Amino acid sequence: MCSHTLEVRTVDDLFAAIPRGSLILIKGASGTGKTTLAAQFIYHGALRGEVGLYVSTYERRDEFLEHMASMGMNFKELERKNLFYYIHVPIPREVKCLEEVFAAILEKLGEYRASRLVIDSVTALTAGVPEREARAALQVFTVYGLKPLGTTTIFISEVPGLGFEQYLADVVLELSTEYWEDRVRRFLKVQKFRGRVVEKVRYEFTLGSRGIELLTTHAFRGVYSGTSLRVSTGVPKLDEVLGGGVYRGSVTLLLGPSGVGKSLLALHFLIHGARAGENVLYIDFGESTEDLWSYVRTTYGIDVPSIEERFRVVAVDTYRYTPRELVKYLSEVIDHTKPLRIALDNAQHVLITYDNEGYSTLVQIIKLLRSVGATSFITLLWDIETGLSLPLLALVDNVIAMWLDFSNQRVRRMISVVKAKKSRHETGAYEIKVVDGKLIIE
Amino acid sequence: MSHYSLFFKLLNYVAPNLGSVLYFHLKRLLGRDPTEILVKEPRKVYEVLKTLNAGDERTTDFFIESIVRAIERECGITISITEFIYVMKSNDSERFREILDRMVKHMEKLA
């Protein structure tokens, strides 16, 4: 058995990992995305010059072309270049007719010099003949017909299907849906991959204008990516306490109760960068964009248009996304804005919205922040009196705790650096004040 | 020589689609009418069958044996499997034609 593990980020990666000449079975209930996935297999192959043949028992050619054009796949153009052929076949009612269909498919593969084939669906194609004969015909067609040709083939199968096709297939991909709130979550499961060790077997995906896109996770990167450059938080005393600011590319977690000044500190950090000419990104899971700008204007007295060009603000309603969709969306926003500094405000909404997947989603977001190399602040509503045993602390580079001190009949905002990796930070508690729009630590 | 094409038709009784698939590959790989090659150059047909069985001789022999047994069953005749395979491999077209004729004669009755 091949010792390579299967690690894919896109559907194209997945198909590229499958050896030429394999038989792939895509199975799933109606509407799970089987046709789109198979179409992507043909489309990506054709873009690389591999001729594809699509045999369907359902959609007519014009319906298929239109359907796939809406997914960003221009099969008409591929047809024009003789890289794609579409055949619609009626469902055979006798085994002799089924034999003729299989023989015709083999002929067409030779005639078109096609190296990729899709049969959509094998369940429908064999539905009109006794199961025993359908299985035998399918086995002969696959083992003695397709395999010697070296054709990489996809059989689409409805669930439950014949069952037998799973045994024939080298790779079995199962598509399914689940419901989260009022949204559909789609999953692709690698059920079988002959000759390969598959470690990760289940991928969430979206089905949209770009076809099927896997919502893959980010690999965890080490602290700071090896940089020794320091970045100012915009608060001189905090920089001093941290041992000279934070490292570029690091992730800092700001913990504290509501009203203590977490968002203020995160904004301070961004405004400092924007004023220095850096692209910065503020992602808020709580407030709307309008609320934020008025907050910045009144708190800092800042002329918003002077930094607006570099200061991107995104308000995210977590309930609009499934956990993986959220990470993908953030990834796209970051990719689009290319910020050097990122503040992720009100991260507790991620924990609340996604419940038992909240923590793992936040971990994915931290991995994403690391992977892009921007210096990031995450604010999280947290009562530090309940302790600091939050497992998340181990994943971030710096932890800054903030709390309210009610002693001596007045309220004081307090701050302390709990953790600052690879730094000689001070451990004292300091009072924070806001004077003329500036955050001052005494 | 057209009656030899019955041989391929009968293979579809062995397993649905088998005759059609073998006919397709023989034509593709040999570039001529497979019926004619089957009678004149059985060794070539054997080589194609071997290719279809991923180059494995033992599997190919077993594959031929399965076919011959099915023909025996369908036609009610007895054929020496060892001889059938030997004749094919040694390209003894005359002897192979005799065996085929006997098979086809029974097949015609079935047809």
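Line order of the protein sequences matches chains A and B.
Numbering follows this note's numbering, in which position 172 of the first sequence is assigned residue number 172; successive positions increment by one, without gaps.
Numbering follows this note's numbering, in which position 32 of the second sequence is assigned residue number 1032; successive positions increment by one, without gaps.
Ideal placement from N, C-alpha and C gives every residue a C-beta, glycine not left out.
Just so it is clear, the structure is predicted and the values come from calculations on it, not from any experiment.
- In this structure, residue 398(A) lies near residue 252(A), with their beta-carbon atoms less than 7 Å apart.
- For residue 169(A), same chain residues with a beta-carbon under 6 Å away, outside a window of 5 residues either side, are 23, 25 in chain order.
- In this structure residue 126(A) is in contact with residue 98(A), their Cβ atoms being roughly 7 Å apart against a cut-off of 8 Å.
- The closest CA to that of residue 1016(B), considering only 141(A), 112(A), 260(A), is found on 141(A).
- For residue 204(A), the uninterrupted beta strand (DSSP E) segment begins and ends at 202–208.
- From the beta-carbon of residue 1051(B), the residues of chain A found nearer than 8 Å are 148.
- A residue is called buried once 16 or more other Cβ atoms fall within 10 Å of its Cβ, and residue 436(A), having fewer, is exposed.
- When DSSP states are grouped into helix, strand and coil, residue 406(A) belongs to the coil group.
- A Cβ-Cβ distance of about 17 Å is found for the pair residue 370(A) and residue 337(A), leaving them out of contact under the 8 Å criterion.
- At least one CB atom of chain A sits nearer than 7 Å to the CB of residue 1017(B).
- When the five nearest sequence neighbours on each side are left out, the beta carbons in the same chain lying within less than 7 Å of the beta carbon of residue 201(A) are those of 189, 190, in order along the chain.
- Close partners of residue 1025(B) in chain A (Cβ separation under 7 Å): 148.
- Just so you know, the alpha carbons of residue 43(A) and residue 283(A) end up roughly 36 Å apart.
- In this structure residue 159(A) touches residue 29(A) by the C-beta definition: roughly 5 Å separates them, less than 8 Å.
- The beta carbon of residue 1043(B) sits no closer than 7 Å to any beta carbon of chain A.
- The three-state secondary structure of residue 50(A), taken from DSSP, is coil.
- The region 353–360 of chain A and the region 235–244 of chain A do not touch, with fewer than three beta-carbon pairs separated by less than 8 Å.
- Inter-residue distance for residue 7(A) and residue 213(A) is about 15 Å (C-alpha atoms, whole angstroms).
- Within 10 angstroms of the beta-carbon of residue 262(A) lie 16 or more other beta-carbons, which makes it buried.
- The residue from 391(A), 100(A), 153(A), 95(A) with its alpha-carbon nearest to that of residue 132(A) is 95(A).
- Contact between residue 266(A) and residue 343(A) holds: CB atoms are separated by about 4 Å, below the 8 Å threshold.
- Of the residues 387(A), 280(A), 330(A), the one whose Cα lies closest to the Cα of residue 256(A) is 387(A).
- DSSP places residue 334(A) outside any beta strand (DSSP E); the residue lies instead in the alpha helix (DSSP H), whose first and last residues are 323–337.
- Closer than 7 Å to the CB of residue 102(A) there is at least one CB belonging to chain B.
- Residue 1028(B) reaches chain A at 110, counting residues in chain order whose Cβ is nearer than 7 Å.
- In the structure shown, residue 228(A) falls within a coil segment according to DSSP collapsed to helix, strand and coil.
- A distance below 6 Å between beta-carbons, with the five flanking residues on each side excluded, links residue 231(A) to the following residues of its chain, in chain order: 245, 246, 248, 375.
- Excluding its 5 nearest sequence neighbours in each direction, residue 65(A) has C-beta neighbours in its own chain below 6 Å: 75, 76, listed in chain order.
- The CB of residue 1021(B) comes closer than 8 Å to the CB of 102, 103, 106, 140, 141, 144, 145 in chain A, given here in chain order.
- Taking the C-beta atoms as reference points, residue 254(A) is found no nearer than 7 Å to residue 155(A).
- Contact fails between the region 360–369 of chain A and the region 399–406 of chain A, because fewer than three Cβ pairs, one in each stretch, are under 8 Å apart.
- Here DSSP, grouped into helix, strand and coil, assigns residue 71(A) to coil.
- The region 1079–1099 of chain B and the region 1016–1036 of chain B do not touch, with fewer than 3 CB-CB distances between them shorter than 8 Å.
- Going by DSSP, residue 123(A) is part of the alpha helix (DSSP H) stretching over 122–125.
- Taking the beta carbon of residue 1012(B) as reference, the chain A residues within 7 Å of it are 99, listed in sequence order.
- For residue 118(A) and residue 38(A), the gap between their C-alpha atoms comes out near 7 Å.
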